[in-house]
Amino acid sequence: MSNQPERSERYYNLYKENIRRISDKSSPYINSFRENAIAEFNKLGIPTKKNESYRYTNLDTFFNHEYKSYFMPTASDFKKAEEFRCDVTDLDAHGLVLLNGFYPTVNDKPRQLPGGIWIGSMTEAAGKFEDQIHKHYNKYINGNSDGLVHLNTAMASDGVFIYIPEGVVLNKPIQIINLVQSDEDIFCQHRSLIVAEKNSNATVIICDHTLSPNKFLTNGVTEIFVGENAHFEIIRVQNEHNNAGKITHTFMHQERNSFASSNNITLHGGLVRNSTHHFLGGEGAECNSYGLYLADKWQHVDNFVNVDHAFPNCTSNQLFKGVLDDMATGAFNGRIYVHRDAQGTVAYQKNNNILLTDDARMDTKPQLEIYADDVKCSHGATVGQLDDDALFYLQSRGINKREARLMLMFGFAHEVIQNIKVEALRDRMDNLVMQRLKGELSRCAFCMVKCG
Amino acid sequence: MPAWANLKIPAIDYQDIIFYAAPKQKASYDNIDDIDPELKKTFDKLGIPLEEQKHLSGVAVDAVMDSVSVKTTFRETLAESGIIFCSFSDAVKEYPDLVRRYMGTVVPYTDNFFASLNSAVFSDGSFCYIPKGVRCPMELSTYFRINSANTGQFERTLLVADEEAYVSYLEGCTAPMRDENQLHAAIVEIIAENNAEVKYSTVQNWYPGDKDGKGGIFNFVTKRGLCRGENSKISWTQIETGSAITWKYPSCILRGDNSTGEFYSVAVTNHYQQADTGTKMIHIGKNTKSTIVSKGISAGHGQNSYRGLVKVLKNATGARNFSQCDSLLLGNQCGAHTFPYIEVDNQTAIVEHEATTSKIGEDQIFYCNQRGISTQDAIGLIVNGYAREVINKLPMEFAVEAQKLLQISLEGSVG
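Chains A and B, in that order, give the protein sequences.
According to our numbering, the first sequence holds residues 76 to 527 in order.
According to our numbering, the second sequence holds residues 8 to 422 in order.
Structure below.
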């Protein structure tokens, strides 16, 4: 609390020192938001536990740290990133790798896919897709009271831009791999925009990894526009080391009769906070928001979900499940907001948690705010442990206790995993979850660093 | 002035409130018939006339009007079993040790804005002490009334149940119709020692303001019970139909092992009423249990919020909580909100929360209409069935009144 103003001041200084470097590479349109955003950030500061939506998450250890530099990539950095191969072997996807928030420019990969789909860096897109950027960039975070979102708008210099034109159906998912690697402690921010036009159908997978044991802090914002009748799914898999802080903000704007789903799977990470904002901005829109978090040691996972029902006859469904081991702490903050005119809303929210040790802790805050009367809204939250009866049943069938516990936990987690439509990824996830529960995934798979 | 609640509170000019007002006739009454007829009439209007209560069920009543306690009935009968039931001002004079020992131990004067205000200016209230092993033979109750204009009421209730004691306590309130808002900032403290049980019921019917939201009472009350001993139990039941704004969180601190906390609530907001109410269950002792059942009904332009905290501390092994919050919406201008907080720091705890929000099904109304029941009656019927779970927890005599009150509060809410 006491060091709050200075702390925010430090990030303001970081902005002042680097803004020239950032703006030079960025487009004037994106730059035009920076000044207001930093002013807004100065007003709001870095959230503390006094902030209601950060009530259960302490950002101090990550934000009080002195980060060495504001990362600017060089060609050799990207070479390293190119060498990274995803270990979901059967996954057939349009892959691309982001290093510390920057889109690789060295290795020219096909970015123009059949049907006019375009995947590329934000900086490049600003020239090529000027009208799209003007139409969508920074449009869906309006009125957000989170200082970190504004800090991102002010300072983020690159990220991914994906454009899926009207009526295009993508047969393979797009996979974005976010790598963080540096020999110094760094703070990085990236900003992505995904535009899925009318009647399109696409799936995006985002994988977050860390490749070196330094202390990292990532603050990423993704804006997603889902057009009329479009079908869009995003799956985020987080697997970082214990010294990494990851803060993501996802803003999803949906038009009439569209369908969108988001799935946040947090397998590993020191401090993880995912905030997902669904805005149902047209009649008949439907959204699903899923999350699974498995935490141990001193890890902290916070999921913040806001579903905004602004139009009639929309449907939403939230399911978040977590298993907390050792001294891990978890937080869930979910809100369903039904506007006055949003009659015929159906909204559901569920949060289940299992605590495995005495030192694990879970705080959950499911909320309903309803201003319309013709609605069906419900929510449920539980915190408990594995069912003794179920354990006994399995043991009485000759399954030893350890195995029985694993089976029950796996079954618990599978309820979230089963919503992944990409089969190869679903199998891989089941596998990873099993490994994680067995304690074998104490470090990121495929990572050379033994940091776990 | 706290701003976190989901309420729109107009600015209160604290300089403009009369902090102390006493009824004109201050003579002491030996017999209930001696009460000022005007006063008796107002009590009769509450639907629970003192006299009737006296004849039918023998309920001991302490009546607090504006800032002074005017009448305590059955004081002598109760004294025979060692029960102290009197106004706060008498208690301070006659039992200073008891007051000193318990007052402010559950709600310290630093607790929150309104608790501080109350602690600074309170003048009277009710005091009750049930000694060891005594089961209180009758229902105790307090009636609050704000009578004079421009007054604020700041009373304080202190209820102590010593080891193995049992008491059922009822609180009711009313105020006449006035155009300006009036402030009611009370404190209720309950202490339950080993094996003691306290049942505290409230039927809150302060003047809610007129159809356009003009006038009405601001009901900003701090209520908290401490289960200090083992196996103790505190149960809150509340029927909230009145007040322009209700801000109230009757809570239980479950400190003794195996202690139990309960909270049953029905809150109705009609016209322009607002309510932000709920409970806190703090599990400290081992094997502590708590149950929360909250039923919100919103009609007209009413805004109804449930805000609750279930907190399980590290050493509260075997804690168990079940919460259920349902909201019913009547009309398309009202709102129903749920803000539960669940904080669990012990792996053996089992905490469950569920909430639903919906309106009355058209098929249900149609079914009633079909059987010759008018829509207005059908809604009354359905609302009563919906609130039954909570109303059943009230002492029998009051359950009937509460049911009627619900119906009256919702009158004209169906268009």
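Note that beta-carbon positions come from the ideal geometry of N, C-alpha and C, so glycine has one too.
Note that the structure is predicted; figures quoted are calculated from it, not measured.
The shortest CA-to-CA distance from residue 452/A to any of 345/B, 410/B, 274/B, 311/B is the one to 345/B. No Cβ of chain A is located within less than 9 Å of the beta carbon of residue 416/B.
Excluding its 5 nearest sequence neighbours in each direction, residue 382/A has C-beta neighbours in its own chain below 6 Å: 353, 391, 411, listed in chain order.
Bounds of any beta strand (DSSP E) do not take in residue 204/A, whose DSSP letter is neither H nor E. The continuous stretches of beta strand (DSSP E) do not include residue 243/A, and DSSP gives it neither H nor E. Residue 115/A and residue 100/A have their alpha carbons spaced roughly 23 Å apart.
Just so you know, the alpha carbons of residue 310/A and residue 394/A end up roughly 14 Å apart. Against chain A, the CB of residue 94/B has no partner CB under 9 Å away; the residue lies outside that interface. Within the model, the alpha-carbon separation for residue 310/B versus residue 296/A is close to 34 Å.
Taken through DSSP and simplified to helix, strand or coil, residue 397/A comes out as strand. Within chain A, no C-beta atom comes nearer than 9 Å to that of residue 302/B; the closest sits roughly 14 Å away. In chain order, 173, 176, 231, 233, 234, 295 place their CB closer than 7 Å to the CB of residue 265/A, counting only its own chain and leaving out the 5 sequence neighbours on each side.
When secondary structure is reduced to three states using DSSP, residue 431/A falls in the coil class, being assigned neither helix nor strand.
Any Cβ of chain B closer than 9 Å to the Cβ of residue 348/A would place that residue at the interface, and such an atom is absent.
Contact between residue 342/A and residue 378/A fails: their C-beta atoms lie close to 14 Å from each other, not under 8 Å.
Contact between residue 216/A and residue 298/A holds: CB atoms are separated by about 7 Å, below the 8 Å threshold. Contact annotation for residue 354/B against chain A: 430, 431, 432, 433, 435, 460 [CB-CB distance below 8 Å, chain order].
The residue among 369/A, 418/A, 430/A with its C-alpha nearest the C-alpha of residue 512/A is 369/A. Residues of the segment 456 to 484 of chain A with a C-beta atom less than 9 Å from some C-beta of chain B are 456, 457, 458, 459, 460, listed in chain order. One alpha carbon belongs to residue 86/B, the other to residue 177/B, and they sit about 19 Å apart. Just so you know, the alpha carbons of residue 359/A and residue 400/B end up roughly 42 Å apart.
By the criterion of a C-beta distance shorter than 6 Å, residue 317/B is surrounded in its chain by 288, 328, 349, 358, once the five residues flanking it on both sides are discounted. Using beta-carbon distances, residue 445/A counts as an interface residue toward chain B, with a partner under 9 Å. With 16 or more other CB atoms across the displayed protein chains lying within 10 angstroms of its CB, residue 163/B is buried. By the Cβ rule, the segment 434 to 450 of chain A does not count as touching the segment 471 to 479 of chain A, because fewer than three pairs are nearer than 8 Å. Straight-line spacing of the CA atoms in residue 487/A and residue 403/A works out to 18 Å.
For residue 380/A, not one C-beta of chain B is nearer than 9 Å to its own C-beta. Judged by pairs of C-beta atoms under 8 Å, the segment 250 to 262 of chain A touches the segment 285 to 294 of chain A, as three or more such pairs exist.
The beta carbon of residue 451/A falls within 9 Å of a beta carbon belonging to chain B, placing the residue at that interface. For residue 231/B, there is no enclosing alpha helix (DSSP H); the residue is found in the beta strand (DSSP E) stretching over 223 to 234. Residues of the same chain with a CB within less than 6 Å of the CB of residue 458/A, apart from the 5 flanking positions on each side, are 428, 437 in chain order.
Annotation for residue 255/B: 226, 228, 230, 284 place their beta carbon closer than 7 Å to its own, counting only its chain and skipping 5 residues before and after. Only buried fits residue 200/B, as 16 or more other CB atoms lie within 10 angstroms of its CB. Using a Cβ distance threshold of 9 Å, residue 128/B and residue 90/B do not count as a contacting pair.
Per DSSP, residue 225/A lies in no beta strand (DSSP E); the unbroken alpha helix (DSSP H) holding it starts and ends at 222 to 230. Taking 9 Å as the threshold, the shortest C-beta distance from residue 348/B to chain A falls below it.
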